[in-house]
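Visitor: One structure is given below, represented as structure tokens, and several questions about it will come after.
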Amino acid sequence: MYSPCYKWIAIQCSVSSLTSCDHGKKVMDGEKDPRNLLVAFRIVHDLISKDYSLGPFVEELFEVTSCYFPIDFTPPPNDPYGIQRDDLILSLRAVLASTPRFAEFLLPLLIEKVDSEILSAKLDSLQTLNACCSVYGQKELKDFLPSLWASIRREVFQTASERVEAEGLAALHSLTACLSCSVLRADAEDLLDSFLSNILQDCRHHLCEPDMKLVWPSAKLLQAAAGASARACEHITSTVLPLLLEQFHKHSQSNQRRTILEMILGFLKLQQKWSYEDKDERPLTRFKDQLCSLVFMALTDPSTQLQLVGIRTLTVLGSQPDLLSSGDLELAVGHLYRLSFLEEDSESCRVAALEASGTLTTLYPGAFSSHLLPKLAKELHKGKSDVAREDGLMKCSRHFCCLQALSAISTHPSIVRETLPLLLQRLCQANKGNVVTESSEVIAICQSLQQVAEKCQQDPESYWYFHETAIPCLFGLAVQASMPEKESSVLRKVLLEDEVLAALASVIGTATTHLSPELAAQSVTCIVPLFLDGNTSFLPENSFPSRFQPFQDGSSAQRRLVALLTAFVCSLPRNVEIPQLNQLMRELLEQSCCHSCPFASTAAAKCFAGLLNKQPPGQQLDEFLQLAVDTVETGLASGSSRNQAFVLLLWVTKALVLRYHPLSACLTTRLMGLLSDPELGPAAADGFSLLMSDCTDVLTRAGHADVRIMFRQRFFTDNVPALVQGFHAAPQDVKPNYLKGLSHVLNRLPKPVLLPELPTLLSLLLEALSCHDSVVQLSTLSCLQPLLLESPQIMSLHIDTLVTKFLTLSSSHSMAVRIAALQCMHALTRLPAPVLLPYKSQVIRALAKPLDDKKRLVRKEAVSARGEWFLLGSPGS
Amino acid sequence: MVGGGEGGGRVGLLENANPLIYERSGERPVTAGEEDEQVPDSIDAREIFDLIRSINDPEHPLTLEELNVVEQVRIQVSDPESTVAVAFTPTIPHCSMATLIGLSIKVKLLRSLPQRFKMDVHITPGTHASEHAVNKQLADKERVAAALENTHLLEVVNQCLSARS
């Protein structure tokens, strides 16, 4: 362990005496053992921080410690003490930067080391300088400022290393911050001003050079200094902004203007760090008009890149409190409106404009409400009247843009109260049957509604407003559409299509997950009776030609609406009591086995599973489970509804696996048994994918389902041995089902969990490579690839199989398999060279073929794999 | 040892110690067409550029792209005719590394393009003192093959083509 001598010093120092410090210092001189050095550094640090009067020993103490700077140490291999280079660096830095009294000795040393050629010395010195700034004041820095600046400037201007540049900028930032906050004596000169003037003098002419060679390093230096304090920011901005504004107008090319605007943006962003109490004090106020006209110029420029920077700048300008006048805002909103309808080729600009509108709406709801909403509303209605005039595609895309713009600005409660009715009204018109409505349009409206709901989730009041307004309306429309028709109107059935119902369901789910339990309970007492008793009293229009009875003898149209009920009840918080639960569960079970409409029966199975997952343990849960198992077994035994029974089994199993319910083992075994079923085998194999993946609609964490974090690992440990055993026992024709099931399980498992288990599965994986199913191939390749990187020794034993199989799969018909196979070919090069060399020429020849693959992504992998194989055993690699 | 080797003693020997450094272009964005199994993607200038832009310069810790030695606009490629022409621009007109850079580009293309391609690697006209001599060497198949028989030369070329760690 540590040498006794240091222990002794440590003790003695803590008892304190000046002589011991002197003595300790002498002992420390010339120490080479890193363990002792760490102790020594700590002792010196203690000496300084406990404020011993070091008196005449300051310089000597500095010298014995600083002679180790910069630390040059590589830990020996197999070092039992595990002292790293960084440990030494940090503890030495703690000593050197612990007191301003070292400044006069340390600063020249740091400057010397920054100026050296050694990269690590530069980095260490800049970092140490950075650390010093937190204890130094103007007095310590005064004499060294010009040299420090010269060194930092040189490093940033001429660097080849991004790290040195970053550390240089960080050091400049700290220096400026230190100068900004030092307390001055009344008669002292303020060094900050002269320091900043120095920086400006050295940088400003670079900003004006016509070739713009060093603009970025200069701008970075200026921004590092300006970010240090409000004073520095004011000083630099007031000089630089006018200069950049002028430069913008001097240059005429879009890309040069973009560079200048990006720099301006950098300086504007720094303003946000400081708050100014007095409006007139804000440095930006006097440049406001120029900045606005410049931004608007950028927004109308043909270059997309310049437009993008313009949009970002506009957002930053808007975030400055009280800067923009109402006139500016009106103009800005006008530009954003125009940009929100850009053609497809400038999609990035349109997205940026939508995002900017969203951000600015939170700050200026009034401006957007009066200048943007009326235009959007008009645009939305235009879609209806101008059907014949404009060509279809054009109208569609403008219409979609308009819907997206409406949802993008729904970031403020007052705006939501205007956009939501607009969207719902549009949806009602779509259902009225007097307009030709495509399902894609209804889906687009639903997507917009969903985005609005997502934006409301932060604000409980808007969220409840959304729920209270949208939910009855959506259910009302759907119920209306499901009523038997007198006249044959095909159009109204758009609402009952699978995709449209799914889109509606997703709005309902999003508008329910964030409800408080009290409000949710209020809502559930309306919706469950709607489905069980046909109680339509809460719907906005409730005079229907016939009763709504989705669970009784209702038509299949009515039964499809169970998908909406599923979305609602499966998103409720767990502690919300569901009225008539018992009856609901029985109805759901019954419907889940009804084979006339797979959409409705699957929705019912999902709903049952979602409710089961949230049901607290107890007698009622056991009853539901028993019912479910009976239904499944009856269904599987019968001929006609086997598929439905299987889907129910799958969802119930998933609900239980997620919450670690003991019965899940039993059900999983049942599912595994079905792998060798001639009819359901392939579906059962794919079922494992559902069990292991995250659903988006039901059984989600966001929807308050009981999802244990380690359920995948647990499922893996519990079931993989049985799957492997089943595979070996199975007859040849159903073996692929087992492999596929296994593939799904392995694929979804986090790689770090999977890796230690893989060697035991290796023989199976190698066999799986010969399987003809591309899902199995892909998942096997993605398991083998990390294994090749992690355990090359084990894999070396199978080199012959691996090379042959990978090369065969690299000409598979599936692009994903070809890519994965070539990635494995690349990973193979990690195996020891002597194992690979016998195959080198064969592989290089074989890999020439995928170089000419018709898909670019495949060629890319082929190029990198072949390149690596060329380097094998070749000099210089 | 401390990682001081990067700048160190070599600086004095470089012919062009402070080259202008250009920004690296990002990864090529993957388009929907590229993900579609059915659509064939033809080999284009950007694809060739992606092959050669990350080649390391023999004397700087920088890539040919960062030194602007290769540019996408100086690449002509025709997939149906199986031809590719790459012009490269040495950083200074007397650069003695020009042949080596050209050789690295040529070898990279030989290893990465389908055999059907006929490739022409040459110096951008008017950017090097001994342009014709270098071009002639690079166009001569026998001389390229002979150069790669030389272990020392192969070593340097391989270093240029190795992925930067």
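Each protein sequence line maps, in turn, to chains H and S.
Taken in order, the first sequence gives residues 1 to 877; the numbers are from full-length UniProt numbering.
Taken in order, the second sequence gives residues 1 to 165; the numbers are from full-length UniProt numbering.
Just so it is clear, CB atoms sit at the ideal spot from N, CA and C, and this is done for glycine as well.
(1) So, is Leu588 (chain H) buried or exposed, given that buried needs 16 or more other C-beta atoms within 10 angstroms?
(2) Cα-Cα, which of S:Asp41, S:Leu62, S:Glu81 is closest to Gln115 (chain S)?
(3) Since Thr176 (chain H) and Ala225 (chain H) are thought to touch, with beta carbons under 8 Å apart, how far apart are those beta carbons, to the nearest angstrom?
(4) Is Leu161 (chain S) helix, strand or coil when you go by DSSP?
(5) What are the start and end residues of each continuous alpha helix (DSSP H) run of 4 or more residues lying completely inside the region 30 to 67 of chain S, in chain order?
(6) Quick check: Leu476 (chain H) and Glu418 (chain H), are their CB atoms within less than 7 Å of each other?
(7) So with Cβ pairs under 7 Å, would you call Thr89 (chain S) a contact of chain H?
(8) Going along chain H in order, which residues have a C-beta closer than 9 Å to the C-beta of Gln137 (chain S)?
(9) Quick one: using the 10 Å Cβ neighbour count with 16 as the cut-off for buried, is Asp50 (chain S) buried or exposed?
(10) Under 8 Å by Cβ, that's how I've got Leu787 (chain H) and Gln777 (chain H) pegged, so tell me the actual separation to the nearest angstrom.
(11) Kindly list, in the order they appear in chain C, the residues whose Cβ is closer than 8 Å to that of Val156 (chain S).
(12) Counting contacts by CB-CB distance shorter than 7 Å, is Glu34 (chain S) in contact with chain H?
(13) May I have the straight-line CA-CA distance separating Val387 (chain H) from His381 (chain H), to the nearest angstrom?
(14) How is the alpha helix (DSSP H) around Ile123 (chain S) delimited, first residue to last?
(15) Can you give the beta carbon distance from Val698 (chain H) to Thr566 (chain H), rounded, assuming they're within the 8 Å contact cut?
(16) Go through its chain and collect everything with a Cβ distance to Met825 (chain H)'s Cβ below 6 Å, but skip five positions before and after it.
(17) What does the Cβ neighbour count give for Val70 (chain S), buried or exposed, with the cut at 16 atoms within 10 Å?
(18) In the structure shown, what three-state DSSP assignment does Ile443 (chain H) receive?
(19) Does Cys181 (chain H) pass the burial test, meaning 16 or more other C-beta atoms within 10 Å, or should it be called exposed?
(20) Rounded to a whole number of angstroms, what is the C-alpha to C-alpha distance between Ala603 (chain H) and Glu499 (chain H)?
(21) Along the region 845 to 857 of chain H, what residues have a CB closer than 8 Å to any CB found in chain S?
(22) For the alpha helix (DSSP H) containing Ala131 (chain H), list its first residue and its last residue.
(23) Does the beta-carbon distance from Val817 (chain H) to Leu809 (chain H) come in below 7 Å?
(24) Determine the direct distance from the alpha carbon of Val775 (chain H) to that of Leu37 (chain H), and round the result to whole angstroms.
(25) Shortest alpha-carbon distance to Val657 (chain H) belongs to which of H:Val528, H:Phe287, H:Asn613?
(26) Let me confirm a value: Arg389 (chain H) is counted as buried when at least 16 other C-beta atoms fall within 10 Å, else exposed. Which label applies?
(27) Just verifying my parser: in three-state terms, what is the DSSP assignment at Ala730 (chain H)?
(28) Using 7 Å as the threshold, is the C-beta distance between Cys401 (chain H) and Ser340 (chain H) below it?
(29) Whole angstroms is fine: what's the gap from His152 (chain S)'s alpha carbon to Leu113 (chain S)'s?
(30) Using the beta-carbon of each residue, which ones in chain H are nearer than 7 Å to Arg111 (chain S)?
(31) Report the residue ranges of all alpha helix (DSSP H) runs contained in full by the region 564 to 632 of chain H; include only those spanning at least 4 residues, in chain order.
(32) Is Gln72 (chain S) near Ala45 (chain S), with beta carbons less than 7 Å apart?
(33) Could you pull out every residue in the same chain whose Cβ sits closer than 8 Å to the Cβ of His132 (chain S), ignoring the five residues on either side in sequence?
(34) Is Val817 (chain H) close to chain S? Criterion is C-beta to C-beta, closer than 7 Å.
(35) Under 7 Å between the Cβ atoms of Leu169 (chain H) and Gln138 (chain H)?
(36) Indicate the three-state DSSP secondary structure (helix, strand or coil) for residue 911 (chain H) in the structure shown.
Guide: In short:
(1) By 1-based counting over the first sequence, the position of residue 588 (chain H) is 588. Looking at its Cβ environment, which holds 16 or more other Cβ atoms inside 10 Å, Leu588 (chain H) is buried.
(2) The residue given as residue 115 (chain S) occupies position 115 in the second sequence. Ranking S:Asp41, S:Leu62, S:Glu81 by Cα distance to Gln115 (chain S) puts S:Glu81 first.
(3) If you number the first sequence from 1, residue 176 (chain H) lands on position 176. If you number the first sequence from 1, residue 225 (chain H) lands on position 225. With a Cβ gap of about 4 Å, Thr176 (chain H) and Ala225 (chain H) count as contacting.
(4) Along the second sequence, one-based indexing puts residue 161 (chain S) at 161. It is helical.
(5) Positions of the alpha helix (DSSP H) runs, each at least 4 residues long and wholly inside the region 30 to 67 of chain S, are given as 32 to 35, 45 to 52 in order along the chain.
(6) Your numbering for residue 476 (chain H) matches position 476 in the first sequence. Your numbering for residue 418 (chain H) matches position 418 in the first sequence. The residue asked about is misnamed: residue 476 (chain H) is Gly in this sequence, not Leu. In this structure, Glu418 (chain H) does not lie closer than 7 Å to Gly476 (chain H) by Cβ.
(7) Stepping through the second sequence from its first residue, residue 89 (chain S) is reached at position 89. Thr89 (chain S) does not count as touching chain H.
(8) Translated into the one-based positions of the second sequence, residue 137 (chain S) becomes position 137. Near Gln137 (chain S) there are no residues of chain H at all, since even the closest Cβ is about 20 Å away, more than 9 Å.
(9) On the second sequence, residue 50 (chain S) is found 50 positions in, with the first residue counted as 1. When all chains shown are included, Asp50 (chain S) counts as buried.
(10) Along the first sequence, read from residue 1 onward, the residue named residue 787 (chain H) stands at position 787. Along the first sequence, read from residue 1 onward, the residue named residue 777 (chain H) stands at position 777. Going by Cβ atoms, the distance from Leu787 (chain H) to Gln777 (chain H) rounds to 16 Å, so no, they are not a contact pair.
(11) Annotation note: the requested chain C is absent from the structure, which comprises protein chains H and S.
(12) For the purposes of this step, residue 34 (chain S) is taken as the residue at position 34 of the second sequence. By this cut-off, Glu34 (chain S) is an interface position.
(13) The residue labelled residue 387 (chain H) in the question sits at position 387 within the first sequence. The residue labelled residue 381 (chain H) in the question sits at position 381 within the first sequence. Any reading at Val387 (chain H) must be qualified, since the residue scores a pLDDT of 44, below 50, and its modelled position is unreliable; no value is offered.
(14) As a working note, residue 123 (chain S) is residue 123 in the second sequence. Annotation: Ile123 (chain S) is outside any alpha helix (DSSP H); the continuous beta strand (DSSP E) that includes it extends over 118 to 123.
(15) Here residue 698 (chain H) refers to the residue found at position 698 of the first sequence. Here residue 566 (chain H) refers to the residue found at position 566 of the first sequence. Right, the Cβ-Cβ distance comes to about 6 Å (below 8 Å), so this counts as a contact.
(16) Counted from its first residue, the first sequence places residue 825 (chain H) at position 825. For Met825 (chain H), same chain residues with a beta-carbon under 6 Å away, outside a window of 5 residues either side, are Phe806, Ala865 in chain order.
(17) Here residue 70 (chain S) refers to the residue found at position 70 of the second sequence. So Val70 (chain S) ends up on the buried side.
(18) Within the first sequence, numbered from 1, the residue matching residue 443 (chain H) stands at position 443. Helix, per DSSP.
(19) Counting from 1 along the first sequence, the entry for residue 181 (chain H) is found at position 181. Per the 10 Å Cβ criterion, exposed.
(20) Your numbering for residue 603 (chain H) matches position 603 in the first sequence. Your numbering for residue 499 (chain H) matches position 499 in the first sequence. Approximately 13 Å between the Cα atoms of the pair.
(21) Per Cβ criterion, the list reads Ala848, Leu851, Asp852, Lys854, Lys855, Arg856, Leu857.
(22) Numbered from 1 along the first sequence, position 131 holds the residue referred to as residue 131 (chain H). Note, Ala131 (chain H): alpha helix (DSSP H), 119 to 132.
(23) Numbered from its first residue, the first sequence carries residue 817 (chain H) at position 817. Numbered from its first residue, the first sequence carries residue 809 (chain H) at position 809. Closer than 7 Å, so yes.
(24) For the purposes of this step, residue 37 (chain H) is identified with residue 37 of the first sequence, where counting begins at 1. For the purposes of this step, residue 775 (chain H) is identified with residue 775 of the first sequence, where counting begins at 1. Looking at the two C-alpha atoms, the distance is approximately 58 Å.
(25) For the purposes of this step, residue 657 (chain H) is taken as residue 657 along the first sequence, with counting starting at 1. Answer by Cα proximity: H:Asn613.
(26) On the first sequence, residue 389 (chain H) is found 389 positions in, with the first residue counted as 1. Legend: pLDDT at Arg389 (chain H) = 43, less than 50; position of this residue unreliable, value from coordinates given subsequently. Its Cβ having fewer than 16 others within 10 Å, Arg389 (chain H) is exposed.
(27) Numbered from its first residue, the first sequence carries residue 730 (chain H) at position 730. In the structure shown, Ala730 (chain H) sits in coil (DSSP, three-state: anything other than H, G, I, E or B).
(28) Residue 401 (chain H) sits at position 401 when you count from the first residue of the first sequence. Residue 340 (chain H) sits at position 340 when you count from the first residue of the first sequence. Using a Cβ distance threshold of 7 Å, Cys401 (chain H) and Ser340 (chain H) count as a contacting pair.
(29) As a working note, residue 152 (chain S) is residue 152 in the second sequence. As a working note, residue 113 (chain S) is residue 113 in the second sequence. It is roughly 25 Å from the alpha-carbon of His152 (chain S) to the alpha-carbon of Leu113 (chain S).
(30) Taking the first residue of the second sequence as position 1, residue 111 (chain S) is located at position 111. For Arg111 (chain S), the residues of chain H that pass the 7 Å Cβ criterion are Arg866, Gly867, Phe870, in the order they occur in the chain.
(31) DSSP assignment within the region 564 to 632 of chain H yields the following whole alpha helix (DSSP H) runs of 4 residues or more, N-terminal first: 581 to 592, 598 to 614.
(32) Indexing the second sequence from 1 puts residue 72 (chain S) at position 72. Indexing the second sequence from 1 puts residue 45 (chain S) at position 45. Cβ distance < 7 Å, so Gln72 (chain S) and Ala45 (chain S) count as in contact.
(33) As a working note, residue 132 (chain S) is residue 132 in the second sequence. So no residue of the chain qualifies.
(34) Counting from one through the first sequence, the residue named residue 817 (chain H) turns up at place 817. Contact with chain S is absent for Val817 (chain H), since none of that chain's Cβ atoms lies less than 7 Å from the residue's Cβ.
(35) For the purposes of this step, residue 169 (chain H) is taken as the residue at position 169 of the first sequence. For the purposes of this step, residue 138 (chain H) is taken as the residue at position 138 of the first sequence. Cβ atoms of Leu169 (chain H) and Gln138 (chain H): not closer than 7 Å.
(36) Chain H is shown only over 1 to 877; residue 911 (chain H) falls outside these bounds and no answer can be derived.
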